[in-house]
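With the working numbering, letter number 276 in the sequence shown gets 305, and the count goes up by one each step, no holes. Glycine is no exception: its CB is placed at the ideal position from the N, C-alpha and C atoms. A quick note: this is a predicted structure, and the numbers were derived from the prediction, not measured.
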Amino acid sequence: MRRRDFLAGVSATGLLAACGAKAIPPLPPGILSGANDTLGHRLRKPDFPAPTEMRRTTVAIVGGGIGGLSAAWKLARAGCDDFLLLEMEHEAGGNSRAGRNEVSAHPLGAHYLPLPPRESRATRALLAELGVLQGDPDAAHPAYAEEYLCHAPHERLYTNGYWQDGLWPTLGVPKAEREQYARFQDQGAELRRRRDASGRRAFALPLALSGQDPQLLALDRITLRDWLQREGYTAPGLLWLTDYACRDDYGTSAAQTSAWAGLHYFACRDGEGQVLTAPEGNAWLARGLARAAAGRVQQNALVFRVEQRKKDSVCDVYLAAENRSIRIISRELIWAAPLFLIPHVFAAPRPEWLAAIRGAEYAPWIVANLTLTEAPQTRAGHPLAWDNVLHDSAALGYVVATHQQLRYAPGPTVITWYRALQEESASRQRRLLQGREAWAEEILTDLSRPHPEIRELTTRIDVHRHAHAMIRPLPGRLWGGSRQVFEKGGAGIQFAHADVSGLSLFEEANYRGVLAAERTLARLGVSFASSL
């Protein structure tokens with residue numbers, strides 16, 4: 030060290046001490062992780078080795094997220110075990126994967142599942158198989174295993190320097206604004222009860238079962254913010270909550286989100302508000318699905334070329350760990366990867382596919398896991414909740430991995446911080462997915478408002494990037510005809526990704542995967558009992 034640098038450091042330390050200031054701790058260590066973009070980006074200029082081996086299978090599934098795993102689950106349940114699931118990452122699960130450290134398992138993406146409505150029959154069947162849903166899966170309000178039901182307190186909001194229960198801002202809110210809250214909630218209840226001429230719910234989950242009333246479908250042509258203004262909603266707390274809801278489920282602001290999608294958030298479920306969760310987020314669901322595909326998953330496998338022939342499909346696959354390519358020939362193909370990859374992979378993509386994909390946008394996300402020596406302090410006696418949201422923050426707050434312990438145990442914990450990058454264009458946002466240190470500093474600054482001690486408590490910050498986390502339900506994308514191109518599939522190919530629904534929700538991915546599998550089984554002449 031140079032003498033000048035040493036003296037400068039001594040002087041700075043002395044100045045801090047003289048002023049009574051507290052030295053800022055260095056940033057905690059950690060890693061920056063995410064999808065294997067190095068491998069995935071090779072699709073832009075493919076230079077893969079030619080296949081040196083050929084394998085045959087009845088069904089090839091491309092993509093190991095919830096859609097692909099759900100397709101495999103249904104095939105296996107029907108006794109069709111001649112399939113191969115091809116996954117680019119080192120493990121399947123997509124946005125429902127998890128990490129683990131010496132303190133706790135923790136999510137790397139999706140972290141809860143609301144109690145599924147009756148229309149989500151496949152999801153309920155899965156939960157029953159896993160022993161979480163107890164009794165009749167078709168019951169109006171079935172029972173669920175206590176260890177997966179989110180323990181109280183569920184959620185709280187930090188606003189105006191205080192914590193309050195629930196996410197509706199109430200501290201200091203005048204009566205007139207509270208009346209708008211009540212009117213909006215009544216309107217949501219009315220939409221939950223509404224049926225079309227065929228008896229279908231106006232807003233169903235999966236959305237394919239929703240009512241087809243033209244007046245309702247027209248909501249897809251405007252934004253949720255426009256709809257709120259049209260209905261006379263001006264209460265700041267209501268506008269904030271609806272914006273938060275869109276960012277939480279869709280990674281998109283209310284000013285960007287289709288009004289149909291925004292209202293679907295509030296009207297598609299039965300209004301119970303309870304959720305299923307675990308320390309590792311939704312990874313337990315992904316693992317439950319993956320058990321059906323045991324021994325039939327090829328990981329670190331990038332499908333770089335697909336050719337559809339008259340009687341079969343050909344997938345050329347790069348095995349990254351072996352630095353070689355193989356050729357998979359299948360009778361049926363289930364495409365469970367994001368739709369935006371189709372132009373880069375298919376040898377002759379159909380013109381209607383390319384037209385439908387054009388204009389689609391994907392929301393990038395940052396998910397960070399902070400390891401703490403102890404839980405952050407709460408003020409005014411409010412206990413630490415599972416979901417802790419900060420008003421007037423660009424982020425979505427944090428959840429507590431150790432919250433599901435059956436008894437409160439003081440000591441180290443892990444909190445998971447979420448941030449959807451909805452402010453700028455998608456291409457610029459992806460450039461923001463760089464630099465762990467910059468994100469670590471933003472995270473600590475954000476959390477220091479309710480928790481001034483957060484820097485001293487944090488021993489590690491691991492940042493996980495999702496560059497293409499979820500498709501955005503922009504106006505016109507749900508009921509404007511684009512995604513419907515993929516709904517019916519075609520000869521020898523079915524589409525199983527949540528992109529087909531236009532909403533990146535577990536129930537939608539599960540439905541699309543099971544539907545693709547059932548159509549494939551029908552084409553193969555395999556008998557099965559429908560899960561839909």
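(Q) Check for me: the alpha helix (DSSP H) holding I53 runs from which residue to which? (A) It is not in any alpha helix (DSSP H) - I53 carries neither H nor E in the DSSP assignment.
(Q) Considering Cα atoms alone, identify which of P166, S99, A469 and V555 is closest to N539. (A) S99
Q: Classify N398 as helix, strand or coil using the three-state DSSP reduction.
A: strand
**Q.** Collapsed DSSP secondary structure at N352 in the structure displayed
**A.** coil
Q | I472 (DSSP reduced to helix, strand or coil) | A | helix
Q.
Quick check on I472: buried or exposed, where buried means 16 or more other Cβ atoms within 10 Å of its Cβ?
A. Buried.
Q: Within the segment 186 to 212, note down every full beta strand (DSSP E) run reaching 3 residues or more, in order along the chain.
A: 191 to 194
**Q.** Whole-angstrom distance between L144 and L234, CA atom to CA atom
**A.** About 11 Å.
Q) Hey, how far is the Cα of W394 from the Cα of H180? A) Near 26 Å, if we compare the C-alpha coordinates of H180 and W394.
Q) Across which residues does DSSP place L433 in a beta bridge pair? A) The sequence shown places Gln at residue 433, not Leu. Answer is none; Q433 lacks a bridge partner.
Q. Residue range of the alpha helix (DSSP H) that V514 falls in?
A. Q513 to E516
Q: Go ahead and pull the three-state DSSP assignment for T87.
A: strand
**Q.** Runs of beta strand (DSSP E) lying entirely within the segment 102 to 146, each at least 3 residues, in chain order
**A.** 112 to 115, 127 to 129 and 134 to 136
Q) Would you call the CB atoms of G565 and L114 closer than 7 Å? A) Outside the shown range of the chain (30 to 561) lies residue 565, about which nothing can therefore be said.
Q. Curious, which full-length beta strand (DSSP E) runs of at least 3 residues does the segment 319 to 350 contain?
A. 330 to 337 and 342 to 348
Q: Take the Cβ of I386 as the centre, count every other Cβ of all protein chains shown within 10 Å, and call the residue buried at 16 or more, exposed below.
A: Buried, because 16 or more other Cβ atoms sit within 10 Å of the Cβ of I386.
Q. Is the beta carbon of A151 less than 7 Å from the beta carbon of L561?
A. yes
**Q.** Own chain residues within Cβ distance below 7 Å of R250, not counting five before or after
**A.** P504 and G505
Q) Which term fits S227, buried or exposed, when burial requires 16 or more other beta carbons within 10 angstroms of its beta carbon? A) Result: exposed.
Q. Residue ranges of each beta strand (DSSP E) run of no fewer than 3 residues wholly in the segment 479 to 556, ordered along the chain?
A. Complete beta strand (DSSP E) runs here, min 3: 487 to 500 and 522 to 524.
Q: Please confirm if the segment 280 to 300 is in contact with the segment 514 to 528, defined as three or more CB-CB distances below 8 Å between the two stretches.
A: no
Q: Report yes if the C-beta distance between L246 and W508 is below 7 Å; otherwise report no.
A: The answer is yes: Cβ separation under 7 Å.
Q) By Cβ distance, which residues of its chain are closer than 7 Å to L162, with the 5 residues on each side in sequence left out? A) R153, L156, P171 and Y173
Q. Name the DSSP beta bridge partners of E184, please?
A. Paired residue(s): D416.
Q: Write down the C-beta distance between T188 and H420 rounded to the nearest angstrom, noting that I regard them as a contact closer than 8 Å.
A: 4 Å
Q.
Assess contact between the segment 322 to 334 and the segment 277 to 284, defined as three or more Cβ pairs (one per stretch) separated by less than 8 Å. Is contact present?
A. no
Q.
Does the structure place the segment 207 to 219 close enough to the segment 334 to 350 that three or more beta carbon pairs sit under 8 Å?
A. no
Q) CA-CA distance, R448 and M83? A) Cα to Cα, R448 sits roughly 43 Å from M83.
Q.
Would you call the segment 425 to 444 in contact with the segment 122 to 133, where contact means no fewer than 3 C-beta pairs closer than 8 Å?
A. Between the segment 425 to 444 and the segment 122 to 133, the count of Cβ pairs shorter than 8 Å is three or higher; the stretches touch.
Q. Who are the Cβ neighbours of Q244 in its own chain at under 8 Å, not counting the five residues just before and after it?
A. none
Q. Do you know offhand how far R353's Cα is from A64's?
A. 21 Å
Q: Starting from T445, follow its DSSP beta bridges and name the residues at the other end.
A: N398 and V428
**Q.** DSSP beta-bridge partners of G63
**A.** Residue pairing by DSSP places G63 opposite R494 in a beta bridge.
Q. Span of the alpha helix (DSSP H) holding P78?
A. Going by DSSP, P78 is part of no alpha helix (DSSP H) at all; its letter is neither H nor E.
Q. Count the other CB atoms within 10 Å of the CB of Q285; is the residue buried (16 or more) or exposed (fewer)?
A. buried
Q: Reducing DSSP to helix, strand and coil, say where F604 ends up.
A: There is no way to answer for residue 604, as the model of the chain reaches only from 30 to 561.
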